[in-house]
Each structure stands twice: as C-alpha cells, then as structure tokens.
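Each position in the sequence shown, counted from 1, maps to that position plus 8 in our numbering.
The beta-carbon is built from N, C-alpha and C at its ideal position, and this holds for glycine as well.
As the structure is a prediction and not an experimental result, all values here were calculated from the model.
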Amino acid sequence: MLGTLLRPARRARGCHAALRRFRGALGTAGSRASGREAARQGACLFSTSAGDRIERAVREHLEGVVRRNDGLVEKLGGESAGLSQEELAATSKEIAELSKLVQAKTKMDNLQREMEDLRQMMTMTMASGEGSTPPAQSSPQNTSSSIASTASTTASETEELAKLAAQEHEELRVEYDALVDAVVDDMLPRDEMDAKGCVVEVRAGTGGEEACLFARDLFQMYERFCAYRGWAWETVEQSASAMGDGYKVAIATVSARKGAGHDGPRSQPYGVLKYESGVHRVQRVPATESGGRIHTSAASVTILPEADTLDIDIREEDIRIDTYRSSGAGGQHVNTTNSAVRVTHVPTGTSVAIQDERSQHKNKAKALAVLRARIYDAEQQRLRSEQSHARKQQIGTGDRSQRVRTYNQPQSRVTDHRCARSVHGDLTATYLLDGPVLEDLVDELQLYDRRRAIE
Numbered sequence: 009m010l011g012t013l014l015r016p017a018r019r020a021r022g023c024h025a026a027l028r029r030f031r032g033a034l035g036t037a038g039s040r041a042s043g044r045e046a047a048r049q050g051a052c053l054f055s056t057s058a059g060d061r062i063e064r065a066v067r068e069h070l071e072g073v074v075r076r077n078d079g080l081v082e083k084l085g086g087e088s089a090g091l092s093q094e095e096l097a098a099t100s101k102e103i104a105e106l107s108k109l110v111q112a113k114t115k116m117d118n119l120q121r122e123m124e125d126l127r128q129m130m131t132m133t134m135a136s137g138e139g140s141t142p143p144a145q146s147s148p149q150n151t152s153s154s155i156a157s158t159a160s161t162t163a164s165e166t167e168e169l170a171k172l173a174a175q176e177h178e179e180l181r182v183e184y185d186a187l188v189d190a191v192v193d194d195m196l197p198r199d200e201m202d203a204k205g206c207v208v209e210v211r212a213g214t215g216g217e218e219a220c221l222f223a224r225d226l227f228q229m230y231e232r233f234c235a236y237r238g239w240a241w242e243t244v245e246q247s248a249s250a251m252g253d254g255y256k257v258a259i260a261t262v263s264a265r266k267g268a269g270h271d272g273p274r275s276q277p278y279g280v281l282k283y284e285s286g287v288h289r290v291q292r293v294p295a296t297e298s299g300g301r302i303h304t305s306a307a308s309v310t311i312l313p314e315a316d317t318l319d320i321d322i323r324e325e326d327i328r329i330d331t332y333r334s335s336g337a338g339g340q341h342v343n344t345t346n347s348a349v350r351v352t353h354v355p356t357g358t359s360v361a362i363q364d365e366r367s368q369h370k371n372k373a374k375a376l377a378v379l380r381a382r383i384y385d386a387e388q389q390r391l392r393s394e395q396s397h398a399r400k401q402q403i404g405t406g407d408r409s410q411r412v413r414t415y416n417q418p419q420s421r422v423t424d425h426r427c428a429r430s431v432h433g434d435l436t437a438t439y440l441l442d443g444p445v446l447e448d449l450v451d452e453l454q455l456y457d458r459r460r461a462i463e
C-alpha cells in the first residue's frame, strides 16, 4: 500500500504549466499579504478536520524515523570500519526497512508545499480579479472598447486560473490523505486475525420475546451485509424462541470468497465484523405489544475469529461426543434418528450442540468448527489479557446498560455510542440497516479505533 502511493502520481498534464504561465501575468502586487494569509491557512491543512490529531501523530512518527535513519546512515558511513559483519548487515537492513517511511516524509512535505503554493495562487487570483477594473479616463471610444476587452480577457484568465488551482489542490489533498492513511496502517500493530473468517453469534438478552425478535433481525441484517460484501455465509445454529418467531441463539460462519474484490486484512470478515461485538439495544413497539407502548430490549453480538486446524490442536481423547434425537419442527425425520450432536471439550468444559442438519456427520463437522473457534478465542483472550489490558476484548452479558449501539425506531435513528455517530433510516422495514449504511458505520468505527490507537 505505502509503496504504491510513493510512485509518482499521474495528474493532468499542462495543469501545472498553465498555473506557472498565469502566475507571471498576475504580478506581485499584494503577494506578501496574500502569502502570509496562505501560509496561515496552509500551515495546518487539516486543523478543522477530525484527522488533525492523526496527522500530527503521523508527522511526529515520521520525524523520529528520519532522525533514526540519519543516525544509521552516519554510523554506516563514519564508523563502518569498526563494525562487524553482523552489525553492518543489521544496520543496512534497518535502513532498507526505514527507506519507505523516509520517502513518505519527503513526499508529504512536497505535497504540503505544493498545496500551500496553490492556496497562495488562489488568493492572488481573487485579489487580482477584485482589482482588475481599469480606472475611468477620457479617451476615444475605440480605446475604451479595447480597455474593456482587455479587462474581460484578464478576468476570464483569472477565473480559469482559479479553477485550475482548485482542481489541482483537490487532487493533491486526496493524494496527501491517502499517504497519511497508509503511514497510519504502517504505524499500527497488525492483528493477524483480521485476515481470517469469523463466527457470528447473536444471543437474545434482556426483553423476553421482543429480545428474541431483535436477535433475529440482527442476525438477518448481518446475513444481508455479508451478501452485500460478497462473503460466504453459512448458518450453523438457530434456536427458536418460545413463540417460534425469534431466536434465542443464532450462529453462522463467514468466510471471504476467492476473488471477491476486497483486498487487505481490514476488508476481510473478522477485520470488519469484529466492531459489531457488544450489546445492541432497540427501542420500538414490539409485534407482541397490543397497547402501542415502546419497549427497550437488547441482544448481544459476539464475533469470533475462525480458527484453522493448524491454529489449535484438539486431541480426540479430549473430546466427548453425545448424540440424541432432534427436537422442534422438521417433519417425519425429527425424533426418529439420533442426528443431533453435542461435542464437549473435556479439559475446558466448552460444549457445542448442533441439530440443524439431517446428517449426524454434518452436524458433528459443524459442531467441531464452532468448538475450535470458541477454544481458539478463549486462548487468544488469555494471551491478550496477559500482554495488555487495553487489548482485552470485552464480551457483553446482554444487559441494556452495556450497549454499544441503540436502534431507536420512533426517531428512525441508529446511534453507535463508541464513536458517537448516528445514522437515520426507516427501521420499520424488514431490515435494520442495509449494506451501504452499515458499511459506512463500520468505516467510522475503524477510523475511531485507529485514532484512539495512535493517540
């Protein structure tokens, strides 16, 4: 990503040349005042944006990298005779690793200077346009017409210059933002689990039958979102509520299809959906409410990274497999064969029961996949809590007070309490949030998480 952005950008040819041609025609009148104003405006191009602190942290990081690189180069040039082969190799390797960040710092400085120069030119064109009207004088009619024509030409050239400067400034700004974003990705520690698939678990919390209905709506929302992203969704378990319309528990696995068009670990299932973990609260009139009163209920969402077989080794002697007859709606096959499977990991006491498939073997395979993911996540939680309390993942209990997001149907508003972002939409439809809206909300959470990580 960073290497790609360091390549020379292909901007419109002739744009810079046109700006240079017009610059000589503008003159230098008022350039000092305009320059001071442009410098004041361009000193911190992102001072009014949410990314100001991110840009400042990036610049401090890059300045430290440049100082380190200069020290290594000086050491390699002046003291190389006294260094061993191992020290020479290590120093050269570190310089090579820092080279892209040093180039990024140089390119950021160049882009900022160009943007400041364009700001100054735009200020100069505006000042020139305001003072371009020639003073009235007594002269023949043809002379007056010539002066008016010249003034009109100058005004059109000034307007064209302003458009060119604004166009190139916008292109440079996009390039600058992308470069800052790439450096931030390089600064933050990489989570190897972001590139994995995941297991989605939705459980009804406080609120009785309405909480089960809300859990069903959340589960279906994530299923539609995965279809929107082109991911493979497979339902593993659906435990129906007492009335049969909602879900007490619903579990699914999500994996990225090959060639789906989303590159990078942050665009993979776990890297995106992990921000949905927590307690989701809904405020609405339930389908079970006859008096029109608004109820508040909750459901907890847990996103677990999908564990590969190589990630964790489960010995066969540590597993106990119980089979029993399926229950619930399902026709003649239900209650006639022992197709339901319960798999228990004896050392940890973790248990998974699956009865979705008519085949015992398929239920066993699904149960083992979920069991492996749960054990893997438990081990990762233990390691994280030992390494850093800040990286410990919090899993909600389903209580409404532990909410991360609120869906308010009367006000048609969804608020994420972590990044203080609200979106509006028709929550009375058959979905809570459609794909693009949920994607924008997840993007905001990713930005919030990255900003908090570098601060």
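Euclidean distance between Cα positions of residue i and residue j
i: R211; j: E183; result: 43 Å
i: G72; j: V431; result: 39 Å
i: G433; j: A260; result: 26 Å
i: E324; j: I311; result: 26 Å
i: L379; j: R366; result: 20 Å
i: V309; j: Y230; result: 10 Å
i: Y332; j: C427; result: 46 Å
i: Q93; j: D78; result: 20 Å
i: W239; j: A306; result: 27 Å
i: Y456; j: G279; result: 14 Å
i: E387; j: V360; result: 17 Å
i: L225; j: M123; result: Going by the sequence as given, residue 225 is Asp instead of Leu. Going by the C-alpha atoms only, they are around 48 Å apart.
i: E179; j: V110; result: 22 Å
i: T414; j: E200; result: 30 Å
i: M195; j: I462; result: 8 Å
i: V287; j: A170; result: 51 Å
i: R464; j: D202; result: Any answer about residue 464 is impossible in this case: the structure gives the chain only from 9 up to 463.
i: R429; j: L446; result: 12 Å
i: Q120; j: N371; result: 59 Å
i: K113; j: R350; result: 57 Å
i: R328; j: Y384; result: 18 Å
i: A65; j: E297; result: 52 Å
i: V81; j: G90; result: 15 Å
i: A377; j: L449; result: 30 Å
i: A381; j: Q363; result: 18 Å
Buried versus exposed, by CB contacts within 10 Å (16 or more), residue i
i: H425; result: exposed
i: R237; result: buried
i: G254; result: buried
i: D321; result: exposed
i: S347; result: buried
i: E245; result: buried
i: S100; result: exposed
i: H369; result: exposed
i: E165; result: buried
i: D125; result: buried
i: R75; result: exposed
i: M251; result: exposed
i: P313; result: buried
Delimiting residues of the alpha helix (DSSP H) encompassing residue i
i: R464; result: The chain is shown only over 9 to 463; residue 464 falls outside these bounds and no answer can be derived.
i: P418; result: Premise fails: P418 is in no alpha helix (DSSP H) and is neither H nor E.
i: E217; result: E217 to R237
i: Q291; result: No alpha helix (DSSP H) contains Q291, which is instead part of the beta strand (DSSP E) from G286 to R292.
i: A461; result: G443 to I462
i: V354; result: Taken as a continuous stretch (DSSP letters only), V354 belongs to no alpha helix (DSSP H), as it is neither H nor E.
i: P471; result: Shown here, the chain extends from 9 to 463; a query on residue 471 therefore has no answer.
Boundaries of the beta strand (DSSP E) in which residue i is found, first to last residue
i: Y332; result: I327 to Y332
i: I311; result: H303 to P313
i: V262; result: Y255 to A264
i: A212; result: C206 to A212
i: H432; result: R429 to H432
i: T358; result: T358 to I362
Candidates the options: closest to residue i by CA position
i: S352; options: Q368, N371 and A375; result: At residue 352 the sequence reads Thr, which differs from the Ser that was named. Checking every option, the nearest Cα to that of T352 belongs to A375.
i: P294; options: L91, E218 and G205; result: E218
i: D326; options: S308, G299, S347 and G357; result: G357
i: A315; options: V262, H288 and A240; result: V262
i: D451; options: R328, L440, P313 and Y283; result: Y283
i: T304; options: Q291, T296 and E297; result: Q291
i: D530; options: L446, D60 and V412; result: The structure shown does not extend to residue 530, since the chain is modelled only from 9 through 463, so no value can be given for it.
i: E63; options: G286, D448 and V192; result: V192
i: A190; options: R289, R67 and T243; result: R67
i: F227; options: R301, V354, Q363 and L281; result: L281
i: L440; options: K372, F222, E168 and Q276; result: F222
i: G205; options: W241, P197, L187 and F233; result: W241
i: V257; options: S298, C220, K115 and V188; result: C220
i: K115; options: R181, R411 and A248; result: R181
The stretch 88-106 touching the stretch 161-177, judged by at least three CB pairs closer than 8 Å: Short answer: they don't touch.
Stretch pair the stretch 199-219 + the stretch 79-86: three plus CB contacts closer than 8 Å: No, they do not touch.
Contact the stretch 415-422 vs the stretch 202-211: 3+ CB pairs below 8 Å: Pairwise C-beta distances place the stretch 415-422 out of contact with the stretch 202-211, as fewer than three of them are shorter than 8 Å.
Sufficient close CB pairs (3 or more, under 8 Å) joining the stretch 115-134 to the stretch 94-102: No, the stretch 115-134 is not in contact with the stretch 94-102.
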